[in-house]
Ligand code: 5GP
Ligand code: MG
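In the working numbering, the protein residues as written are 101 to 270.
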């Protein structure tokens, strides 16, 4: 296993965070927002993003596991649930990367049953070429090619989450 040269440098990630935060700030001006970071990968992006938001923000985390079998495409198990009641609230799911879209599609359906006022999705990275459903993020950081990436919260077997930049695993 090898790591590639830097694919996305730290400064490019920082400008992405600023740009995405500006979009969110514009859309929610003054309204309270519950930010739901998806553990573990999104912990870095969530931490960076919320510090650029200027509306009242509640930060919560959720950890889920998705099983994709032949019959069921995207069954979701909650490993850690929210500690916040999201009914009637503005909710923003923050994810590290969207690949097939199975995880977020299932999670979105599950959270919609709790009747939030508005539920949107924000991702640091998006791999649209791998999508198997119609899921699209409301806020997308950087579109990446079909490669397995690590760094900025993303891991390979638990490692490399602490890299400041993004690299490809080969
Ligand atoms: P999906 O359900 O969209 O296929 O899966 C998304 C999840 O798969 C992400 O939250 C992440 O945990 C993992 N994943 C997908 N692509 C990558 C990648 O390129 N690198 C890493 N480290 N994880 C990935
Ligand atoms: Mg993940």
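For glycine and all other residues, C-beta sits at the position ideal for the given N, C-alpha and C.
Boundaries (first-last residue) of the beta strand (DSSP E) holding residue i
i: residue 220; result: 218 to 226
i: residue 266; result: 266 to 269
i: residue 195; result: 190 to 198
i: residue 182; result: It is not in any beta strand (DSSP E) - residue 182 carries neither H nor E in the DSSP assignment.
i: residue 139; result: 133 to 139
Under 8 Å between C-beta atoms of residue i and residue j
i: residue 104; j: residue 230; result: no
i: residue 144; j: residue 241; result: no
i: residue 271; j: residue 248; result: Past the edges of the chain, shown from 101 to 270, lies residue 271, and the structure says nothing about it.
i: residue 260; j: residue 250; result: yes
i: residue 193; j: residue 204; result: yes
i: residue 238; j: residue 264; result: no
i: residue 197; j: residue 141; result: yes
i: residue 210; j: residue 181; result: no
i: residue 214; j: residue 186; result: yes
N-terminal and C-terminal residue of the alpha helix (DSSP H) that residue i is part of
i: residue 116; result: 110 to 128
i: residue 148; result: 143 to 150
i: residue 202; result: 202 to 212
CB-CB length for residue i against residue j, believed under 8 Å
i: residue 165; j: residue 190; result: Actually they do not touch by this definition, with Cβ atoms about 26 Å apart.
i: residue 159; j: residue 137; result: 7 Å
i: residue 274; j: residue 246; result: With the chain running from 101 to 270 in the structure shown, residue 274 is simply not present.
i: residue 133; j: residue 153; result: 7 Å
Environment of residue i [buried if 16+ CB atoms lie within 10 Å]
i: residue 135; result: buried
i: residue 202; result: buried
i: residue 212; result: exposed
i: residue 156; result: exposed
i: residue 223; result: buried
i: residue 195; result: buried
i: residue 179; result: exposed
i: residue 146; result: buried
i: residue 114; result: exposed
i: residue 128; result: buried
i: residue 234; result: exposed
i: residue 148; result: buried
i: residue 199; result: buried
i: residue 116; result: buried
Contact test: residue i Cβ vs the ligand ZN heavy atom, cutoff 7 Å
i: residue 248; result: With respect to the ligand ZN, the structure shown offers nothing to examine, as its ligands consist of the ligand 5GP and the ligand MG.
Could you pull out every unbroken alpha helix (DSSP H) segment of at least 4 residues lying fully inside the stretch 224 to 260, listed in chain order? none
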